[in-house]
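Structure record follows, encoded as C-alpha cells.
In this note's numbering, the protein residues as written are 6 to 205.
So this is what it looks like as C-alpha cells:
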C-alpha cells in the first residue's frame, strides 16, 4: 500500500512538473503593451515614431515648402543607426516612421535603400521581358527634397537587481538641396527594471 502511494505521488509530481514546464502562447491585440524584459520593444517603437512624426509635421516647414515651390514636399528615410548597448531592429522602427509619414497625407514619400534597389532591378528586368506598352520606364523616379536620419542611444544604470534603462532617439530632417537642417527632434524613454531574485 505504501509503495502504491509513493508511485502515485511520483506520478502526480511528474505531471505537475511537466505542466509547469509546458509552453503557453496567448494571442493578444497589437494595442496591448507587454514589456517583459525592459528592453526596447514594439510598443516603444510605435510610441516614439508616432510622437516624433507628429512633432515633425507640426513645425511649419511643410507650409513653407509649399509656399516656395507650390508642391508637396517629398521625403526619404535614410539611416537610423542603433548606437545602443542592445540589439534593436532599426528596420521596424523605420517602417513605423514611414507609416506615420505616409498616413499623414502631408508629404510624398519615396522608397529608400533595399526597397529602392529592388524596384530598380525589377524595372531593369522589365526591359527585355515585358510588353513595351506595360513597361515601367527608367529615369522617372521622384527625387526627394528632404532626408530623415537618426540614432537610437542608451545609457544603463545598474544597482544590484535594479536597472534604469534610458533610451534617447534623435531624428533630423535635412534639405537635400543645401544640407540645411529643417527639423531636429528628440524623444526619451526611461524604464526602471527590478529583476527577480532568480532572474538573470
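C-beta: ideal position from N, C-alpha, C; glycine also.
Residue i and residue j closer than 8 Å at C-beta
i           : j           : result
residue 157 : residue 95  : yes
residue 101 : residue 51  : yes
residue 78  : residue 90  : no
residue 181 : residue 150 : yes
residue 117 : residue 83  : yes
residue 111 : residue 81  : no
residue 255 : residue 163 : No answer is possible for residue 255: the residues shown for the chain start at 6 and end at 205.
Best match in the options for proximity to residue i [C-alpha to C-alpha]
i           : options            : result
residue 175 : 18, 57, 14, 45     : 57
residue 171 : 44, 17, 14         : 44
residue 49  : 98, 113, 75, 76    : 98
residue 141 : 115, 152, 124, 153 : 124
residue 88  : 107, 159, 137, 121 : 159
residue 2   : 184, 132, 14       : With the chain represented from 6 up to 205, any question about residue 2 goes unanswered, as that position is not in the structure.
residue 105 : 61, 75, 179        : 61
residue 187 : 46, 152, 173, 161  : 152
residue 173 : 161, 136, 119      : 161
residue 113 : 200, 191, 146, 11  : 146
residue 63  : 199, 190, 184      : 190
Buried versus exposed call for residue i [16 or more other C-beta atoms within 10 Å across all chains shown]
i           : result
residue 54  : buried
residue 33  : Low local confidence applies: a pLDDT of 49 at residue 33 is under 50, so the model's placement there is unreliable, with the coordinate-based value given in what follows. The residue is exposed, with fewer than 16 neighbouring Cβ atoms inside 10 Å.
residue 85  : buried
residue 18  : exposed
residue 59  : exposed
residue 103 : buried
Residues bridged to residue i [DSSP beta-bridge criterion]
i           : result
residue 199 : 167
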